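The working numbering puts the first residue of the sequence shown at 1133, with every later residue one more than the last. Note that CB positions come from ideal geometry on N, CA and C, so glycine has one too. All values derive from a computational prediction rather than experimental measurement.
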Amino acid sequence: GVEITVPFLNFSQRAKAQRTDAEAVKAHAVAEDARDQIASQIDKLQKSCHQLADLQEVAELEYQLAKSDLETAVARGETAQGSPKEIQNAQVGEQEKLAAMLDARFNYQEVRLQLMRLTGDLEGWAKSGGSPAP
1133 GVEITVPFLN FSQRAKAQRT DAEAVKAHAV AEDARDQIAS QIDKLQKSCH
1183 QLADLQEVAE LEYQLAKSDL ETAVARGETA QGSPKEIQNA QVGEQEKLAA
1233 MLDARFNYQE VRLQLMRLTG DLEGWAKSGG SPAP
């Protein structure tokens, strides 16, 4: 015999199509949410990266100033105008500023790597030899 299927009367097929459509709409919404979350994370990391770059620059300038202070204290000590305590304090200050500068560099690089990983740039950066870039 001949079998005739009338699509508008096939309720199970219509229900299956509706479920598939609903699943597609849900998947699209989930993908859209994920895309929005990633865009938000990228924006936050970019802002953090800029702030940390500025902090790194300030820390480097403070370290240079502390080095200069130490050189001045040593020079004063050599001419008997400064005390050993002054030199010691300048050395401690220079070491503290060095530690702060290294921390600032690390924090900046850490956020920069997170940003590159999120944007997909990390692999290309690593293949290029991982040379630092601001």
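Say the cut is 6 Å; is the CB of residue i nearer than that to a heavy atom of the ligand FMN?
i: S1172; result: The ligand FMN is not part of the structure shown, which contains no ligands of any sort.
Considering Cα atoms alone, identify which of the options is closest to residue i.
i: A1222; options: R1167, Q1196, E1255, R1237; result: Q1196
i: Q1183; options: R1244, Q1220, G1256; result: R1244
i: D1235; options: K1148, E1192, T1152; result: E1192
i: F1238; options: Q1169, Q1220, C1181; result: C1181
i: Q1173; options: A1205, Q1246, W1257; result: Q1246
Just to confirm, are residue i and residue j a CB contact at a threshold of 7 Å?
i: A1185; j: Y1240; result: yes
i: G1226; j: L1187; result: What sits at residue 1226 in the sequence shown is Glu, not Gly. No, the pair does not count as a contact, with Cβ atoms beyond the cut-off.
i: P1219; j: A1231; result: Per the sequence presented here, residue 1219 reads as Ile, with Pro not at that position. Not a contact, by the Cβ cut-off of 7 Å.
i: E1194; j: K1229; result: yes
May I ask you to report which of helix, strand or coil DSSP gives residue i?
i: G1225; result: helix
i: S1260; result: coil
i: V1190; result: helix
i: T1251; result: helix
i: Q1213; result: coil
i: V1243; result: helix
i: V1206; result: helix
i: E1162; result: Before going on, a small fix: residue 1162 reads as Val here, not Glu. It is helical.
i: V1157; result: helix
Would residue i be called buried (16 or more neighbouring beta carbons within 10 Å of its own) or exposed?
i: K1148; result: exposed
i: K1176; result: exposed
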